[in-house]
Structures are given as structure tokens and as C-alpha cells.
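When you line the sequence shown up against the UniProt record's numbering, it's residues 1 to 121, in that order.
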Amino acid sequence: MLPVGPSSPPTDEITPGDRDWREDAACRGVESSVFFSPDGERGTARARRQSRGKQICEGCPVLVQCRDHALSTGEPYGVWGGMTETDRRRHARRLGRGEHRPLEPRHPRPTSAGTGDAASW
Ligand code: SF4
């Protein structure tokens with residue numbers, strides 16, 4: 001399931017006739033608990049959940065749109081576009097220091113479900 005909840009993209013930004021990129025999300029139908037941390041989650045459980053979310057993102061045809069949305073809106077929580085909240089904060093700090101690293105997946109894959117290692121940002 002696409003990360004949905006209080007911080008999900010507002011659908012009123014979509015004008016009639018536009019195709020919503022979320023319709024092609026690889027996470028449609030996947031429990032949102034894969035992408036969002038439950039209260040008190042830490043350590044290995046958190047890392048394992050985030051890795052699973054990133055694996056799903058790896059095979060997503062709309063990874064770039066999702067990631068760009070999360071970065072541009074400052075999504076504070078969850079795995080979006082293969083990036084955790086920590087990844088996004090790290091990316092923002094790098095940008096603040098003038099560092100520009102490419103955000104494309106190192107090993108882009110076609111639209112099949114991700115089964116390899118999680119992307120590392
Ligand atoms: S990149 Fe990940 S979180 Fe974003 S739509 Fe695709 S599978 Fe869902």
C-alpha cells in the first residue's frame with residue numbers, strides 16, 4: 001500500500017485528467033506498517049522493517065515521483081521512494097552543505113517486485 005495516513009499526499013492536488021502516479025505504486029495493497037514505524041520501534045526491528053520497505057520501493061515504477069514528493073514536501077515519517085526519514089534528513093543536510101549526490105538507485109530495476117538488497121542512500 002502506498003504510504004497513506006496523516007502525511008499522505010493530498011488528492012486535491014490532482015487535477016481532472018491527470019494520472020495519479022500513486023496508481024502505479026508497487027506498495028499498493030502492502031500494509032502501511034511496512035513503511036511507517038509503530039510507536040517504540042527501535043534497533044533491529046526498525047532496520048528490518050525499513051529494509052523490507054526499501055526492497056518494495058526498488059521495483060517500483062514511480063520511485064522517482066514518490067521520492068521527489070517526499071523530499072519536496074518534507075515528509076517527516078516513513079519510507080518513501082526508497083528513503084527512510086533518516087535518509088531524507090541526511091540528504092537535506094548534504095544539500096545544505098552544497099554536496100550533490102545523485103539519488104537514482106544504484107542498480108535500477110524494471111517494474112518487477114524488488115527482491116534484492118535495499119537501496120542505500
Ligand atoms: S517508491 Fe516505495 S513508497 Fe513510493 S510508491 Fe513506490 S513502493 Fe510506494
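All residues carry an ideal CB built from backbone N, CA and C; glycine is no exception.
{"query": "Exposure label - Thr84; buried when at least 16 CB within 10 Å", "result": "buried"}
{"query": "Bridge partner(s) assigned by DSSP for Trp80", "result": "Met83"}
{"query": "Gly98 CB to nearest heavy atom of the ligand SF4 below 7 Å", "result": "no"}
{"query": "Three-state secondary structure (DSSP) of Gly53", "result": "helix"}
{"query": "Cβ-heavy atom distance, Phe36 to the ligand SF4, below 7 Å", "result": "no"}
{"query": "Supposed close pair Cys57, Val79 - CB separation, criterion 8 Å", "result": "7 Å"}
{"query": "Start and end residues, alpha helix (DSSP H) containing Arg67", "result": "63 to 73"}
{"query": "Gly43 Cβ short of 7 Å to the ligand SF4 heavy atom set", "result": "no"}
{"query": "For Ala70 and Ala26, the rounded distance between their alpha carbons", "result": "16 Å"}
{"query": "Alpha carbon of Asp24 to alpha carbon of Cys66, nearest angstrom", "result": "11 Å"}
{"query": "Whether Val34 touches Arg52 by CB criterion (8 Å)", "result": "yes"}
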